[in-house]
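Number 137 in my numbering belongs to position 137 of the sequence shown; there are no gaps in the numbering. All C-beta atoms in this analysis are idealised placements derived from N, C-alpha and C, irrespective of residue type, glycine included.
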Amino acid sequence: MKTLVLAGVSTLALSAAAMAADKTLTISVYSFSQDEFKELVYDPFERICGCEIVVETGNSIERMAKIEANKDAPVIDMAVLSTHDALGAARNGLLQPIDVSALSNYDKLYDIAKDPLGDNMGVGYTFYATSIAYRSDKVTVDSWADLLSPELAGNVALPDVTTNQGPPALYMIGKAMGDTDSSLTTPIEAVGEKADDIVTFYVRSSQLAQLMQQEEIWAAPVGRFAWGRFKDNGLPMAWAEPKEGQTGGMNVMVMTANNGNEELALQFMDFWLSTEIQTALANALIDSPANSEVVVSDEVAANLTYGAETVEQLDLLDPATILDKRESWLEQWNTKVMK
Numbered sequence: 001m002k003t004l005v006l007a008g009v010s011t012l013a014l015s016a017a018a019m020a021a022d023k024t025l026t027i028s029v030y031s032f033s034q035d036e037f038k039e040l041v042y043d044p045f046e047r048i049c050g051c052e053i054v055v056e057t058g059n060s061i062e063r064m065a066k067i068e069a070n071k072d073a074p075v076i077d078m079a080v081l082s083t084h085d086a087l088g089a090a091r092n093g094l095l096q097p098i099d100v101s102a103l104s105n106y107d108k109l110y111d112i113a114k115d116p117l118g119d120n121m122g123v124g125y126t127f128y129a130t131s132i133a134y135r136s137d138k139v140t141v142d143s144w145a146d147l148l149s150p151e152l153a154g155n156v157a158l159p160d161v162t163t164n165q166g167p168p169a170l171y172m173i174g175k176a177m178g179d180t181d182s183s184l185t186t187p188i189e190a191v192g193e194k195a196d197d198i199v200t201f202y203v204r205s206s207q208l209a210q211l212m213q214q215e216e217i218w219a220a221p222v223g224r225f226a227w228g229r230f231k232d233n234g235l236p237m238a239w240a241e242p243k244e245g246q247t248g249g250m251n252v253m254v255m256t257a258n259n260g261n262e263e264l265a266l267q268f269m270d271f272w273l274s275t276e277i278q279t280a281l282a283n284a285l286i287d288s289p290a291n292s293e294v295v296v297s298d299e300v301a302a303n304l305t306y307g308a309e310t311v312e313q314l315d316l317l318d319p320a321t322i323l324d325k326r327e328s329w330l331e332q333w334n335t336k337v338m339k
């Protein structure tokens with residue numbers, strides 16, 4: 001893997017001469033797989049730029065709070081966030097537009113990743129599908145409506161509305177019922193009517209994997225990034241391809257406002273979006289590639305959200321909808337489901 005990255009790096013159009021050797025780039029990222037990111041992304045970039053990358057991790061709330069607390073004198077140059085968190089930060093004046101003309105790999109991205117927030121306030125670098133993992137020896141799942149069917153009563157889990165998987169799954173249930181209104185009123189009411197048939201409303205995919213392993217549930221919506229926990233659990237498992245399609249989520253790179261380190265941040269973004277680096281991260285099963293030129297084996301692809309056909313079928317909730325509607329969703333959820 002290291003050989004692959006180093007070989008690929010040598011082909012990138014990245015001018016070390018344009019970067020000052022004493023430069024430091026401070027990035028804010030998710031805490032998972034940081035050893036792998038260091039090997040595959042941070043260290044190779046440092047060798048090329050002659051700079052130092054300072055990595056700050058934490059959950060989204062902590063990281064966004066730090067960006068906001070230092071709005072007038074930014075201590076973070078570049079961050080990766082979910083689309084709705086990034087849009088919230090943009091609305092609060094914490095971000096600046098990305099000069100996509102400086103990104104040599106921008107045109108290689110799938111269209112959905114190019115400007116998911118509008119006004120070039122973020123660039124997608126990875127996304128994931130959300131569908132239904134289920135016991136293929138117990139049931140067949142062809143539709144999101146099957147989650148509320150008599151065949152799965154007492155053997156299904158759904159994500160809580162406060163999770164990243166919750167609203168998209170509810171939206172797809174509503175879509176299966178013929179209602180795509182962003183209020184989610186129809187699917188929330190339907191789930192409320194079937195609440196006694198739901199084993200749990202989970203908040204973590206690890207909790208869900210345990211319930212599946214213990215054979216307490218047969219089906220549940222889950223993000224593709226967690227699929228490995230299910231497909232290798234020793235039980236007959238399948239990933240549904242519902243007739244309504246699959247949903248999911250996306251993470252984006254953002255640039256903090258007035259950080260004074262824009263040039264180096266752009267060079268790092270471009271490096272991360274390159275075919276070579278996105279391929280290395282995909283082969284390590286860390287991120288599904290937003291770069292459309294990435295090619296991986298069928299075995300690797302089976303663990304990722306991969307390929308133009310899959311990407312085109314993703315029905316993603318608009319980040320503005322998530323920001324504007326989540327309080328209403330929670331109120332309805334508490335009234336209709338958690339009553």
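For A21, which three-state DSSP category applies?
The residue labelled residue 21 in the question sits at position 21 within the sequence shown. In this prediction, A21 scores a pLDDT of 45, lower than 50, which makes its location untrustworthy; the coordinate-derived value is nonetheless stated afterwards. Under the three-state reduction of DSSP, A21 is assigned to coil, being neither helix nor strand.
N- and C-terminal bounds of the alpha helix (DSSP H) containing T186
Taking the sequence shown and counting its residues from 1, the one referred to as residue 186 is at position 186. Looking at the DSSP string, the run of the alpha helix (DSSP H) that includes T186 is 185–193.
Taking the beta carbon of N105 as the centre, do at least 16 other beta carbons fall within 10 Å, making it buried, or is it exposed?
Numbered from 1 along the sequence shown, position 105 holds the residue referred to as residue 105. Burial of N105 is indicated by the presence of at least 16 other C-beta atoms within 10 angstroms of its C-beta.
Under the three-state reduction of DSSP, which class applies to Y110: helix, strand or coil?
One-based indexing of the sequence shown puts residue 110 at position 110. Collapsing the DSSP output to three states places Y110 in coil.
In whole angstroms, what separates the C-alpha of A280 from that of L109?
Translated into the one-based positions of the sequence shown, residue 280 becomes position 280. Translated into the one-based positions of the sequence shown, residue 109 becomes position 109. Each residue's alpha carbon lies about 16 Å from the other.
Contact under 8 Å by Cβ, F127 with G260
Position 127 of the sequence shown, counted from the first residue, corresponds to residue 127. Position 260 of the sequence shown, counted from the first residue, corresponds to residue 260. For the 8 Å CB-CB criterion, F127 and G260 do not form a contact.
Is S31 helix, strand or coil when you go by DSSP?
Along the sequence shown, one-based indexing puts residue 31 at 31. S31 sits in coil when the DSSP states are folded into three classes, being neither helix nor strand.
So for V199, helix, strand or coil by DSSP?
Within the sequence shown, numbered from 1, the residue matching residue 199 stands at position 199. If DSSP states are grouped into helix, strand and coil, V199 belongs with the strands.
Whole-angstrom C-beta distance between M177 and P187, which should lie under 8 Å
The residue given as residue 187 occupies position 187 in the sequence shown. The residue given as residue 177 occupies position 177 in the sequence shown. Taking C-beta atoms under 8 Å as the contact rule, P187 and M177 qualify, at a distance of about 7 Å.
Let me know the secondary structure DSSP gives V337 once reduced to three states.
Here residue 337 refers to the residue found at position 337 of the sequence shown. In the three-state scheme derived from DSSP, where H, G and I count as helix and E and B as strand, V337 is classed as coil.
Taking just the CA atoms, how far does M121 sit from L94?
Your numbering for residue 94 matches position 94 in the sequence shown. Your numbering for residue 121 matches position 121 in the sequence shown. Computed Cα separation, rounded: 10 Å.
Beta strand (DSSP E) containing T305: first to last residue?
Taking the sequence shown and counting its residues from 1, the one referred to as residue 305 is at position 305. It is not in any beta strand (DSSP E) - T305 carries neither H nor E in the DSSP assignment.
Beta strand (DSSP E) segment containing M237, residue limits:
Taking the sequence shown and counting its residues from 1, one reaches residue 237 at position 237. Secondary structure note for M237: its beta strand (DSSP E) is the uninterrupted segment 237–239.
Secondary structure of N283, DSSP reduced to three states:
Walking along the sequence shown from the start, residue 283 turns up at place 283. Looking at N283 - three-state DSSP - the assignment turns out to be helix.
Proximity of A220 and L266 at Cβ, strictly below 8 Å
Locating residue 220 in the sequence shown gives position 220, counting from the first residue. Locating residue 266 in the sequence shown gives position 266, counting from the first residue. Not a contact, by the Cβ cut-off of 8 Å.
One question on the structure: do V161 and W329 come within less than 8 Å of each other, judged by their Cβ atoms?
Here residue 161 refers to the residue found at position 161 of the sequence shown. Here residue 329 refers to the residue found at position 329 of the sequence shown. The answer is yes: Cβ separation under 8 Å.
Whole-number beta carbon distance between Q332 and T180, since they are thought to touch under 8 Å:
On the sequence shown, residue 180 is found 180 positions in, with the first residue counted as 1. On the sequence shown, residue 332 is found 332 positions in, with the first residue counted as 1. No, T180 and Q332 are not in contact; Cβ-Cβ is about 16 Å, not under 8 Å.
Could you spell out where the alpha helix (DSSP H) holding G248 opens and where it closes?
Numbered from its first residue, the sequence shown carries residue 248 at position 248. Element bounds for G248: not the alpha helix (DSSP H) but the beta strand (DSSP E), 247–256.
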